[in-house]
Every structure is written in C-alpha cells, then in structure tokens.
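At position 71 of the sequence shown the residue is numbered 563 (the working numbering), and the sequence of numbers has no breaks.
Every residue, glycine too, gets a C-beta built ideally from N, C-alpha and C.
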Amino acid sequence: FSFTAALIRAWRKNNRKEIIGKNKVAGDDGPSDSVKDDEILEDLIGFNVVSTCLDSEEELLKKYPEAEKNLDFIDAAGTAIVHKVDCTKLFDNIDVLHALSLISQHEEEEAGFDKIIFNFPHLGCGICDTNENVKQHQDLIRDFCTSAYKVLAPNGQLHITVKNGEPYQSWKVSKIVLETNFWTVRNAFPFLIDQYPGYQHRRTLGAAKKLEEVGGPKRNADINKFGARTIVFSPKGDDVGVSENVSVAASSDEE
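Structure follows, in structure tokens:
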C-alpha cells in the first residue's frame with residue numbers, strides 16, 4: 493500500500509499534476525514510441541483510486557507491521573481499499589466491482605478501470621528449479637493480464653513493473669502479455685523510485701524480520717542497485733469492459 497500512499501503524496505505535492513517520467517526505454521519485447529512521458533503519466537492517479545491487496549488485513553499487518561500507517565493515510569485520503577484480491581480473478585471479486593461502481597466516470601456499457609497497475613509481481617513460492625520458477629511467474633502474468641482485460645475501460649492501460657536483471661528478464665513479460673492476444677505494447681519507461689515519495693518495496697513473504705531497522709537490507713536496495721522498468725500495455729480491441737450483466741457504472745485510475 494506504500495505505492496498508493498506515494499501516489500497520493502505526489503499528487504498533492506504537484507498540485508494534482510502527475511509525476512513526469514524521464515528517459516524512456518523500450519520494453520523487453522516491444523519498442524518505445526513517440527508518446528511524451530508526461531502524456532503517459534499525466535493522469536495516472538486521481539481521487540478515484542482502488543488500492544488492492546492479496547492478503548486479508550490481519551494477514552497484511554502480521555507480515556508487514558508498518559503497513560498500518562499506510563492504510564490509515566490512504567483511508568483518510570478517501571481511497572478505496574480492498575483486501576483478499578486475487579489478481580488473476582478480478583472480474584470475479586464482488587468487492588472490486590463494487591469499488592469500481594462507486595468511483596464511476598464512464599457510461600455503464602464502458603465501465604472499467606482507466607489504469608490497472610501491478611508493481612513487482614512475485615509469487616514468493618521459493619521454487620528452486622529455475623525453469624519451473626520462470627514458468628510459474630509467466631503463468632501469473634498471463635492470468636493477471638487476461639483477468640485485467642475484463643475490468644478495463646475502453647482505451648485503458650495496463651502497467652506492469654519488474655526489476656531489471658534475472659530472473660525477471662527470463663519472464664519475458666511483454667512476450668507473455670502479447671501472447672494473450674488482448675494487448676499491444678504502448679511504451680516502457682524506467683521506474684524511478686525517487687519519484688514516489690515514501691514508497692517501500694516489500695517481499696511477498698513479508699517484512700517483519702527484514703526491516704532495515706533490525707539488520708535487514710536497506711529499503712529498496714535492490715531497485716536502487718539494479719533498477720526497474722514499467723511496461724505499458726493497451727487493449728487491442730474496442731470491446732473491453734465489464735459485461736452487461738454486471739451493474740457497474742464506471743472507472744478508476746489505479747489498481
């Protein structure tokens with residue numbers, strides 16, 4: 493939840509102007525285009541944000557004790573928080589659809605999120621077999637992208653951020669996403685962590701015994717050392733959106 497909190501801080505600091513990305517790079521399988529950085533990120537955030545988490549609130553606070561202050565900050569800002577969200581089954585999550593309906597900006601037939609963001613996807617499964625580990629994460633990305641397509645507004649965007657280097661390079665994120673036949677690569681740019689004030693990346697398995705204060709690694713050390721990049725995807729077709737049998741009115745700006 494520190495990313496959502498960081499977006500809110502950036503929004504306020506820049507008088508509701510979005511963070512401007514710099515020095516775009518091409519995705520691992522797709523070219524950069526001529527879209528300006530400020531156009532890509534211009535409306536990344538807003539007041540209509542739904543922040544999600546795989547864990548229940550109880551599990552979250554057990555794994556990440558410091559998360560409570562982020563939850564309080566996000567809640568005070570009026571941002572929706574939804575726990576126990578399986579990113580591969582977004583369309584099946586009633587709470588996600590309900591949150592979407594409350595922040596509607598589109599007509600019902602075009603209901604969906606304007607942007608869905610997944611930063612540093614990781615299963616935390618500890619598979620030692622490198623090939624199997626890569627396969628499991630490729631399956632996660634593939635299933636997530638298929639799920640996200642169902643709840644995205646027309647002309648919406650999908651943002652996936654991964655670290656540079658291995659094993660992440662072997663995941664071939666762009667290739668896997670394009671193989672679903674739902675998406676095209678719009679652009680990619682470095683994930684510059686300094687642009688997200690207060691953001692702290694956390695391991696999937698938890699952080700209770702990994703904090704810098706108790707001898708763990710420095711915050712965001714691996715990202716600062718190796719870097720990361722965000723790949724932006726756009727849907728291929730014009731028929732994206734929530735199906736007609738779901739009463740949802742509209743759109744959001746974040747995962």
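Name the DSSP bridge partner or partners of residue i?
i: LEU670; result: Its beta-bridge partners do not exist; DSSP assigns none.
i: ILE608; result: LEU650
i: PRO727; result: TRP675
i: PRO682; result: ARG721
i: ALA502; result: For ALA502, which the question treats as bridged, DSSP gives no partner whatsoever.
i: THR544; result: VAL574
i: LYS655; result: ALA720
i: LEU644; result: PHE605
Would residue i and residue j be called neighbours here (beta carbons separated by less than 8 Å)?
i: GLN692; j: ILE668; result: no
i: LEU582; j: VAL643; result: yes
i: LEU720; j: PHE683; result: Reading the sequence as shown, one finds Ala at residue 720 and not Leu. Their beta carbons are under 8 Å apart, which means ALA720 touches PHE683 by this criterion.
i: VAL574; j: ASP584; result: no
i: GLY690; j: SER494; result: yes
i: GLN687; j: ALA502; result: yes
i: LEU650; j: PHE725; result: yes
i: PHE610; j: ILE652; result: yes
i: VAL542; j: LEU592; result: yes
Could you tell me the alpha carbon to alpha carbon distance between residue i and residue j, rounded to whole angstroms?
i: THR638; j: THR722; result: 18 Å
i: LEU553; j: THR496; result: 17 Å
i: GLN661; j: ARG711; result: 22 Å
i: ASP714; j: PHE605; result: 30 Å
Going by other Cβ atoms of all chains shown within 10 Å of its Cβ, with 16 needed for buried, is residue i buried or exposed?
i: LEU546; result: exposed
i: LEU632; result: buried
i: LYS561; result: exposed
i: LYS657; result: Just to set this straight, residue 657 is Gly in the shown sequence, not Lys. With fewer than 16 other Cβ atoms within 10 Å, it is exposed.
i: PRO727; result: buried
i: CYS620; result: exposed
Please look up how many angstroms separate the CB atoms of residue i and residue j, rounded, as I've assumed it's under 8 Å.
i: GLY647; j: ILE595; result: Checking the sequence, you will find Asn at residue 647 rather than Gly. No, ASN647 and ILE595 are not in contact; Cβ-Cβ is about 17 Å, not under 8 Å.
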